[in-house]
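Q: Its first residue numbered 1, the sequence shown is counted upward by one per residue in the working numbering.
Beta carbons: idealized from backbone N, C-alpha and C, even for Gly.
Nothing here was measured: the structure is a model prediction, and the numbers come from that model.
For reference, the structure I am asking about is given below.
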Amino acid sequence: MMDTITKTVRALGINATYLGYRYLIEGVRLAMEQEDVLLSVCTRLYPAIAAKYHSTPDNVERNLRTVISVCWERGNRTFLESVFSYPLTAKPSVSEMIDALADYCRSVDNPQ
């Protein structure tokens with residue numbers, strides 16, 4: 001699972017030089033394990049990631065927004081749209097990005 005998430009995030013053009021890289025991978029992992037975590041991003045997801053990396057929820061949110069902006073502005077837009085399975089007209093939010101990545105990684109790990 002982690003290998004699929006890491007390869008997918010890297011294919012989007014997000015690399016490990018950003019703090020948000022680790023946070024995004026952890027967020028996708030958590031969303032794959034417990035889908036309902038995306039219903040409470042601010043109260044469950046950000047604090048869980050912050051606790052693991054000894055950070056704050058605000059810092060986690062800021063760094064996730066940064067890597068999503070990097071992906072949107074300089075990343076692999078074609079692959080990003082294939083992850084979402086539809087053309088994007090605006091930069092995705094953190095919860096949209098994590099949800100789409102979790103769904104994509106699930107489908108790669110368990111093709112039907």
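1. List in chain order: all unbroken alpha helix (DSSP H) runs of 4+ residues lying wholly within the segment 41-87.
2. I need the straight-line Cα distance from S107 to A11, nearest angstrom please.
3. Ordered along the chain, which non-local residues of its own chain (more than five positions away) have a Cβ less than 8 Å from that of P87?
4. Tell me the residue span of the alpha helix (DSSP H) that contains M30.
5. Would you kindly work out how many angstroms separate the C-alpha atoms of V9 and L64, rounded to a whole number?
6. Give the DSSP-derived three-state secondary structure of T6 in the structure shown.
A: Let's see:
1. 46-52, 57-74, 77-84
2. 16 Å
3. E81
4. A small fix is needed here, since residue 30 is Leu in this sequence, not Met. Taken as a continuous stretch (DSSP letters only), the alpha helix (DSSP H) holding L30 covers 19-33.
5. 12 Å
6. helix
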